[in-house]
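When we follow full-length UniProt numbering, the leftmost residue of the sequence shown carries the number 1, and every step to the right adds one. Take a look at the structure set out below.
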Amino acid sequence: MDENQKRRIFQYVKTLTLKKFWQWMNEVHTRAYAMGMNHMQEAMECHPRISKPMVEQVLLKAEEIREQWDGLRTVTVEDTESATFRTSAEIIKDLTPTEAAIYNLTEEAVISISDRKFIMATPIPNRRIESQSQGPGPVTTYKLSPEELQNIIGKPIPKSHKKPIGMDTRDNEKIQSRKDEPKVAKIQKDDYLELRASGLSRDKAAKKLGTTLVSIENYWLAKKWGIKTEEAEEVEIARYKEHKKKRPEPATPAPTPEKVEEPVNTPPPAQSAQQPAEPEREQPRMSVAVKQWVFNPGLKGKFVRVHGVDGEGAKLELQALVAQVEADRINISTFDRGEWVLRLHEFGENGLALEVCEQFTKYEMPADADQTVVE
1 MDENQKRRIF QYVKTLTLKK FWQWMNEVHT RAYAMGMNHM QEAMECHPRI
51 SKPMVEQVLL KAEEIREQWD GLRTVTVEDT ESATFRTSAE IIKDLTPTEA
101 AIYNLTEEAV ISISDRKFIM ATPIPNRRIE SQSQGPGPVT TYKLSPEELQ
151 NIIGKPIPKS HKKPIGMDTR DNEKIQSRKD EPKVAKIQKD DYLELRASGL
201 SRDKAAKKLG TTLVSIENYW LAKKWGIKTE EAEEVEIARY KEHKKKRPEP
251 ATPAPTPEKV EEPVNTPPPA QSAQQPAEPE REQPRMSVAV KQWVFNPGLK
301 GKFVRVHGVD GEGAKLELQA LVAQVEADRI NISTFDRGEW VLRLHEFGEN
351 GLALEVCEQF TKYEMPADAD QTVVE
């Protein structure tokens, strides 16, 4: 239910009289109860271990509970309303003294059905009883004077009224006029004349400046710069060349000598006699063999394999590839994990293979992947 529907229902409820309102609530409550009973009966009948007598006993118990606590019209299983109604005196007989006292604190809501009057079990608060209760202070009633009513009634907002801070105080007319203005690329006259002086035509100069030939001829030359003929344009180009020759060239700063840092000779660390020095291993880089993924978009269950490496070299290359992917050095976009199956055949350690598979299932194939199908 959206806001408009809620507003319409609220306006409708406000126009109801007290008797009509409670009659309407009674009908809504009765229909909701009948629908719930039907759903419960269907659910119980679907269960293989619940027999029909058990279903009837449950429904009878539900009606008994509703009759005792609600005092509404009882609803049979066949969605027909029975003619059994209970008054407030009959309801109080089955209640404890505490429950009866609570029930009496509310006003009886009486509705008329044909020529009989019946008691609703959802009464409205009784103002007479509430005013007699002992609260934190006395209950006072007060009527507004005509002057006070006049101050409360809404008045038109004067034009001199200023909106508080935080409200939108922009002039909508100015904003709309700015939106209606055509968006034109800002071009400098000297930039255009420099391109024309270098030998470019009007069309090529317009493309260089990010605009069109029509915009250059009809707007910039004719309206903005006052150049309406080709002869006037040639004169402006010649003046620009002369002005450029007279303009002094900016002096280039003198080169500063660079300080050469002298290498500091540091003694090598002492090596133990028991452990020989290991040669420095180069940082593993991603080889072409690791990039060669077998990729078939049409078939599920095809395996992505790595060729040409095994053992320790395969571990290092795969670890380097994972590091580059995680560092966003390789531009790989994400794709659906469930579409592809990744499997590495060349490794004996399942732990490493599973770890690499888990990371690579988040990414798409590289652009230079080998897309041949392996049966």
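Ideal Cβ positions, reconstructed from N, Cα and C, are used throughout, including at glycine.
Do you know how far the Cα of residue j is from the Cα of residue i?
i: Asp-2; j: Asp-191; result: 58 angstroms
i: Ala-232; j: Lys-159; result: 54 angstroms
i: Ala-238; j: Ile-227; result: 14 angstroms
i: Leu-221; j: Ser-215; result: 9 angstroms
i: Lys-204; j: Lys-162; result: 54 angstroms
i: Leu-149; j: Val-58; result: 58 angstroms
i: Thr-30; j: Pro-48; result: 30 angstroms
i: Arg-8; j: Asn-38; result: 30 angstroms
i: Gly-154; j: Pro-146; result: 14 angstroms
i: Glu-90; j: Lys-14; result: 32 angstroms
i: Leu-200; j: Lys-241; result: 14 angstroms
i: Thr-141; j: Ile-152; result: 18 angstroms
i: Lys-93; j: Phe-21; result: 27 angstroms
i: Gln-5; j: Leu-213; result: 56 angstroms
i: Glu-56; j: Leu-18; result: 37 angstroms
i: Pro-156; j: Gln-11; result: 25 angstroms
i: Lys-223; j: Ser-198; result: 24 angstroms
i: Met-54; j: Met-35; result: 19 angstroms
i: Leu-144; j: Ala-62; result: 51 angstroms
i: Leu-209; j: Lys-245; result: 23 angstroms
i: Glu-27; j: Pro-97; result: 30 angstroms
i: Lys-52; j: Glu-45; result: 7 angstroms
i: Glu-230; j: Ala-206; result: 16 angstroms
i: Thr-211; j: Arg-202; result: 11 angstroms
i: Gln-23; j: Leu-95; result: 25 angstroms
i: Leu-195; j: His-243; result: 15 angstroms
i: Lys-189; j: Arg-247; result: 17 angstroms
i: Met-25; j: Met-40; result: 22 angstroms
i: Trp-225; j: Glu-234; result: 13 angstroms
Quick check on DSSP: helix, strand or coil for residue i?
i: Val-110; result: The predicted position of Val-110 is uncertain, since its pLDDT is 42 and thus under 50; no value can be drawn from it.
i: Tyr-12; result: helix
i: Trp-225; result: coil
i: Ile-50; result: coil
i: Pro-97; result: helix
i: Ile-92; result: helix
i: Tyr-33; result: helix
i: Lys-207; result: helix
i: Leu-144; result: coil
i: Asp-190; result: helix
i: Ile-162; result: Per the sequence presented here, residue 162 reads as Lys, with Ile not at that position. Lys-162 falls in the coil class under three-state DSSP.
i: Ser-201; result: coil
i: Ile-153; result: coil
i: Arg-247; result: coil
i: Glu-234; result: helix
Take the Cβ of residue i as the centre, count every other Cβ of all protein chains shown within 10 Å, and call the residue buried at 16 or more, exposed below.
i: Ile-50; result: exposed
i: Ile-187; result: buried
i: Ala-32; result: exposed
i: Ala-43; result: exposed
i: Asn-218; result: exposed
i: Leu-16; result: exposed
i: Leu-60; result: exposed
i: Leu-193; result: buried
i: Glu-236; result: buried
i: Arg-73; result: Since pLDDT at Arg-73 reaches only 46, below the 50 mark, its modelled position is unreliable, and the value read off the structure follows with that caveat. Arg-73 is buried by the Cβ-count criterion.
Does the Cβ of residue i lie closer than 7 angstroms to at least one heavy atom of the ligand ATP?
i: Lys-155; result: Of ligands this structure carries none, so the ligand ATP is not represented either.
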